[in-house]
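Contents: one structure, followed by commentary.
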Amino acid sequence: MKAANFVLAACLIAGACMSAPAAQAQEASAQQTPAQQAPARTLKLDGRALALGGSLAAPHLWQQYKQRFVSSTGRVIDTANGLISHSEGQGYGMLLAVAANDRAAFERIWAWTRANLMVRDDQLIAWRWEPGQRPAVSDMNNASDGDILIAWALAEAAELWADVAHRASGRRIAVEIGRKLALFKSPHGALLLPGVSGFSTDDRPDGPILNLSYYVFPAFARLGAVAPEIDWAGLSQSGLDHIKRARFGESGLPTDWISLRDGAPRPADGFAPQFSYNAIRIPLYLAWAGLGDWEHYSAFHAWAVGKRALATVDVKTGRDVDRLQDRGYASIGVLLACAIDRTPAGPEFRALREVEHYYPATLHLIALAAANLRYQSCVKG
Amino acid sequence: MQKSSASRLKILLLLSASVCVLTSAAALAQSGEGFLLEAPAAPRAVSRPAVAPAAAPVAAPGARPARSVNAITPVEGDGRGPDETALRYYAGLNQKARVNAEIARLKRLHPHWRAPEDLYEPVAASGEDEQALWDLFGADRIDELKVAIAERERAEPGWKPSAELLKKIESKALRLRILALWKQGRLDDVLAIVRAEGAGDLADIELRWTIAEVNARMKKTSEAVALYKDILQTASAPKDRTATIHKAMDNLRITDVEPLIAQARIDGSGRSEFEPIAVDITRARISAFLHDERAEPIPGAEFRRFEDYARGVKDSNQSGLVAWHHYKTKAFREALEWFKLALERGGDAMIAHGLAHSLRELGMNLEAEEVAFAWREPLINNAILFIDVLERDLTKPVPPFIEPERLHRYGQVTMDMASGEGAQALGWYAYNSCQYEAAYEWFQRAVAWYPKEATVYGLALSSRKAKRKDFYDIVNRYDGLFPKVLETVFPDGYQRPPSPCDLIASGAVSRRAANAGAAPQPQAAWVRPVNTPASSPAAARHPGWNAQASAQGLVQGANSQQDYGWGLQPLAPGEDKMPKFTRNEFPAAVDPENPLRYLASGKLMGRPSTLAAIPAPVGAFAPEPWRAPQQLVARRVPGVGAMPYERWGFALLPGGNGLQTPDAPHSANKAPAGTLWAAEQATGSGANQVGAAGALADPSQAAAQLLGMGRVPPPSAMRVGGQGYFRAAEAEIDDGDESVLPRTLMRPTFAGVDVDPAPTGSIEPEQPLVLENPDFEPGYSRPFLNGGAGEDHSALEPSIGDELARKAAQIFRSHRRLEQDHAAPRAISGLEDGENTSSILSPQSPAQPASTPSISILGQ
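Following this line, the structure appears as structure tokens:
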């Protein structure tokens, strides 16, 4: 399922998307019809910067997760995607290990990550690793979200276990993110490039390109611990601003990939104009950080809460594209209902289904950790 | 806070019934909700408005207290003059004594104010007998007041409240609504109300400040500036005017505040009315300069005045600001002096960081290293700087003299931090000193922690020199990814002079020396060890190896290289052959996963960690699901250039994204437009600084943040070591039987600054090299992961640092005699003679071990 995501990213990174026929260019959803909005609500979220350590509080789930997705050498396996690994997965694994207070697992995952993915000549992380390929690293480009997740996990680990080695590593990565991937003086507000190569104004006719799901809001609240000189709050603020502006079509949902070339956001060229596997994480991160007001959540709330099954959405036509059957995806809706409506989560929120793949299972555990961290009343019992 | 305000208020009310005090009460009522409940208990000795409807200071949610506005101070009125409500009220009641008292009070607060002449003229509206209503008004009990008015209108048909009261009620209700929204953080709603209804007649200066701040916070900068400007145009009291500037500086960038400062009134002597807050203004300008919000440094005279101020106060932050300003203007000598002053005044680890950077900029790397080391624990930036400063020397082709103690602690910090940067530096140092076993061990750690191309290249070379079995594993594993690693087996068609180490090994050096009739003069001081993860004297395990002679030979060998010519020599056509491999060599199947894993020492900067060791893993991990055979043909990777075997016509498989031809190496990527990296590339800045990639954001920005100077703009990070990693690799290219890059391409550059690795003159044997061979403890060099699920590796780690220290200390002792030539005590060159260096260089933190070496004791 997530394969589509990676194919898109690979296409984009390689610049191949740029030669896509003009017919594929999606100009349609540039008509940013405001979504049918539910009446404005006042949200009372807790946006404090909270330590992640121990927040998963579900040892059995973490155990299941490790047993299914983390190899004994520390490789986090994307089971639905050719058994590859990527910086995002390693970052999630490290974060979940901190949230589960499982230092042994953390060390394994981080050690694998640096030994296999830190092959660039800077402090960023090559994003994709494929077993059975020669070489296993299949792209030297980075993915900003993976870098941010890993730097954040290191910062959390440094604090939880008082580990100077992790503090130093987290700082080196975080500073490099601020230096190579952030555009702090952009006329559009602080921007986070999705990768070093392939997304900037010079790289693409519709650049700079934005992926709002790479704005890991809960990380921004905590990375100041290792790199205080970087304006993480500015990134958070601009991310929130962009979420308010990037509302396409009737659904009012953002697409995974967004062009800011013209100032106003529009779906990026060469990509399906879809609210898809990337962007579904936006509300997850918002709620994890306790950030945002109703305007930020309303479209996601309408998309996720109270739905039997979620689906990716073509923002141009408003039609569902892929059904998101796995319960892990539904956990996003559970978390939103919990954060916004104070709706208690059902017992299934505390169980991991055997059939689920890496991505929905990961989102599920993140939603659970987020709920435990900020919305405990919903997950009691 | 509320409680204390309320009780304070009670006391005030008991002590005095003066209007002045009661005005304070109104002020406090705004900030302390408890007050309204308690206030009625106060004696109400006078029958008049309990509280004059004056403005109340507004506490912004989470806002810092205004620097010059005391929340308890009676508020003097708005910017258009004092509030005359109470005065007119008393006049309306013809209470002349109170009128006179109020006039006196207002004059005291507003010296330029004149009492209105129409005080005793009849008021248009009724207004009589509204005492009770004014009481409610004064207590901000607007809802009750409205009820009271309605009741009275019902009870006394025809009665109407005075127009003044009605108007005031309306204004005050608006004011209270605005302030309530402000307190709730509903800034959008504040702006909406102000837009729709204005700020009312009660727009006293506090409310106007608040509205300006809301605009500033909502990024309506020009509106905020206009509002502050408007206040300045109407406010007359000096205190209000300076407070306006202060508030503007709190809420806006100083660049936006400058037009307001320019509105200063100048007196006859040319003195600005903002002179009393000149220091604050300069401080804000310095902060903006450090944050890159202001391009130009502070002008000389203004800056000197701030220097005088900073010199006169004890606050180390002020001298720190001066120091960072000097640093950013590249006045490093001045920066050094000010950092020292700030440290003497109790400056923190960030000040020490600035001191270390200044020393580094002044070429005092040794001293910079000392400071960074001493302050490594309180601030991770210093630990990183420590690694990065010495890394530069360690990776030089012929490394300079580095005292054993320095190497020892460098290794220690490298292990504590699990620093790939430090490990590769020590690897190159060992390799370039012909100590391949030590190099191999350090490179194994470097490749576990930071396997970039130059590091893996170092591991491959050391593996082969040390005759390890994993050489071809490394070459195969990184086939398709790291061309330089493949260059260890595929010649590039050129020959180069043999390396000094090879000349030594071949005996060429001693032959040449003998031919020249000059026997090598062993210089004892050359002989020094490289501490490896664990080491013992070389001769112990390599009988016949003469460390001193080798060291001497290394330098002479380097000199001898000249005879081979530095230029690139194409191989003769017959010699440039495709190498032949056995089936097990290349290409061979290999597990694509890098198996190297090492944990950090587990020490907290050299001290035993108080925290529990890493526990054994709980539960099982996933079995590796990949089962297919490994590939023998590499495929293309985006961001990777051509493989060296391609010149013989061998091709790679298309990349996963369809890439058919070699890509531009990612290391040659153009920086994305708009990033700090792009700015560095454009100006050539950054890369000539010391430090590994990502390690150093512009320290002055971090400093500004840590000095409490507010919001942090992006760092203009300095890039140092990124390209530096290739220095070492290039340096060791002199490996005689290796064919690698043309020497013309080997010159390492640091943002345009050439560092010449290949001197054309003779190399003076001033910096000898002697390294130790490793003697690894079983288990020490073992990867911490052996792959078994549930394996307990907690015991593998334990005493690496201790072992390191112990072994290194033995070696150091054995070589102590040899080091005496280099044992002259050194002091920080920037310090005066006789100055106590350790007091400046060591953190004051009690946590710092007493044994922290300072430079003055080195070599003793």
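Residue numbers (the working numbering), protein chains in the order written: chain A, -9 to 371; chain B, 425 to 1284.
Using N, Cα and C, we set each Cβ at its ideal position, and we do this for glycine too.
Taking 8 Å as the CB-CB limit, is Ala484/B close to chain A? Any reading at Ala484/B needs caution, since the residue's pLDDT is 38, under 50, leaving its predicted position unreliable; the model's value is listed next. Not an interface residue.
Within 10 angstroms of its Cβ, does Thr819/B collect 16 or more other Cβ (buried), or is it exposed? With 16 or more other Cβ atoms inside 10 Å of its own Cβ, Thr819/B counts as buried.
Cβ of Arg730/B less than 8 Å from any chain A Cβ? Here residue 730/B turns out to be Phe, not Arg, going by the sequence shown. No - not a single Cβ of chain A is within 8 Å of the one on Phe730/B.
Since Leu73/A meets chain B, which of its residues come closer than 8 Å, beta carbon to beta carbon? Chain B residues near Leu73/A: Pro1049 and Trp1050.
Against Asp129/A, what residues of chain B qualify as contacts under a CB-to-CB distance less than 7 Å, listed in chain order? Neighbours of Asp129/A in chain B, taken as residues at a C-beta separation under 7 Å, are given in chain order as Val1061, Pro1062 and Gly1063.
Return the residue from the list Ser77/A, Ala47/A and Glu120/A that minimises the CA-CA distance to Ala87/A. For Ala87/A, the nearest C-alpha among the options comes from Ala47/A.
Run through DSSP, which three-state label would Tyr365/A get? Tyr365/A falls in the coil class under three-state DSSP.
Taking the straight line between their C-alpha atoms, what separation do you get for Ala1058/B and Thr63/A? Spanning the alpha carbons of Ala1058/B and Thr63/A requires a straight line of approximately 24 Å.
Looking at C-alpha atoms only, which residue of Ile140/A, Tyr348/A and Glu344/A is the closest neighbour of Val60/A? Among Ile140/A, Tyr348/A and Glu344/A, the Cα nearest to that of Val60/A belongs to Tyr348/A.
Please classify Gly1146/B as buried or exposed, where buried requires at least 16 other C-beta atoms within 10 Å of its C-beta. Since pLDDT at Gly1146/B reaches only 24, below the 50 mark, its modelled position is unreliable, and no value is offered.
Give the secondary structure of Asp312/A by DSSP, where H, G and I count as helix, E and B as strand, and everything else as coil. In the structure shown, Asp312/A sits in a strand (DSSP, three-state: E or B).
Between the alpha carbons of Pro337/A and Asp283/A, how many angstroms are there, rounded? Whole-angstrom Cα-Cα distance: 28 Å.
Would you please verify whether the beta carbon of Pro875/B is less than 8 Å from any beta carbon of chain E? You won't find chain E in this structure, because its protein chains are A and B.
So, does the CB of Ala184/A fall closer than 8 Å to a CB anywhere in chain B? The sequence given here has Pro at residue 184/A, not Ala. Taking a beta-carbon distance threshold of 8 Å, Pro184/A does not count as an interface residue toward chain B.
Tell me Phe265/A's beta-bridge partners as DSSP assigns them. Under DSSP, Phe265/A takes part in a beta bridge, and its partners are Val303/A.
Return no unless some Cβ of chain A is closer than 8 Å to the Cβ of Gly609/B. Not a single CB atom of chain A sits nearer than 8 Å to the CB of Gly609/B.
List, in chain order, every chain B residue whose beta-carbon is nearer than 8 Å to that of Lys56/A. Ordered by position in chain B, the residues that pass the 8 Å Cβ test against Lys56/A are Gly1043, Ala1044, Phe1045 and Ala1046.
Residues that DSSP places opposite Ser77/A in a beta bridge: Per DSSP, none; premise fails for Ser77/A.
Pull the bridge partners of Arg1059/B from the DSSP assignment, please. DSSP output for Arg1059/B lists Leu1077/B as bridge partner(s).
Please report whether the beta-carbon of Gln868/B lies at a distance below 8 Å from any beta-carbon of chain A. Among the CB atoms of chain A, none fall inside 8 Å of the CB of Gln868/B.
Boundaries (first-last residue) of the beta strand (DSSP E) holding Asn132/A: Taken as a continuous stretch (DSSP letters only), the beta strand (DSSP E) holding Asn132/A covers Val127 to Asn132.
Tell me where the beta strand (DSSP E) around Ala604/B begins and ends. Boundaries around Ala604/B are those of the alpha helix (DSSP H), Ala587 to Lys607, since no beta strand (DSSP E) includes it.
Nearest to Leu171/A by CA position, among Ala1097/B, Ala1106/B and Ile811/B, is which residue? The alpha carbon of Leu171/A has as its nearest neighbour, out of Ala1097/B, Ala1106/B and Ile811/B, the alpha carbon of Ala1097/B.
Could you please give the first and the last residue of the uninterrupted beta strand (DSSP E) stretch that includes Ala116/A? Where Ala116/A is concerned, the enclosing beta strand (DSSP E) starts and stops at Ala116 to Trp119.
DSSP state of Val109/A, grouped into three classes? Judged by DSSP in its simplified three-state form, Val109/A adopts coil rather than helix or strand.
Do you know how far the Cα of Lys531/B is from the Cα of Leu511/B? One C-alpha to the other measures close to 12 Å.
Please state if the CB of Ala180/A and the CB of Asp221/A are separated by a distance shorter than 8 Å. Result yes, Cβ atoms of Asp221/A and Ala180/A sit closer than 8 Å.
Determine whether the Cβ of Pro121/A lies closer than 8 Å to any Cβ atom of chain B. Yes, contact with chain B.
Compare the C-beta of Ala747/B against all C-beta atoms of chain A and say whether one is closer than 8 Å. For Ala747/B, the nearest beta carbon of chain A is not closer than 8 Å to its own beta carbon.
Taking all protein chains shown into account, decide if Thr1287/B is buried (16 or more other Cβ within 10 angstroms of its Cβ) or exposed. With chain B covering only 425 through 1284, there is no way to say anything about residue 1287/B.
Does DSSP classify Pro994/B as helix, strand or coil? Reduced to three states, the DSSP call for Pro994/B is strand.
Tell me which residue opens and which closes the alpha helix (DSSP H) that Pro1039/B is part of. For Pro1039/B, there is no enclosing alpha helix (DSSP H), as DSSP gives it neither H nor E.
Evaluate Arg332/A with the Cβ neighbour count: other Cβ atoms within 10 Å of its Cβ, from every protein chain shown; 16 or more gives buried, anything less gives exposed. The residue is exposed, with fewer than 16 neighbouring Cβ atoms inside 10 Å.
Contact with chain B by Glu97/A, beta-carbon distance below 8 Å: Closer than 8 Å: yes.
Would Thr63/A pass as an interface residue toward chain B - the criterion being a Cβ-Cβ separation below 8 Å? A Cβ of chain B is located within less than 8 Å of the beta carbon of Thr63/A.
Are the beta-carbon atoms belonging to Thr191/A and Gly197/A less than 8 Å from one another? At the C-beta level, Thr191/A and Gly197/A come within 8 Å of one another.
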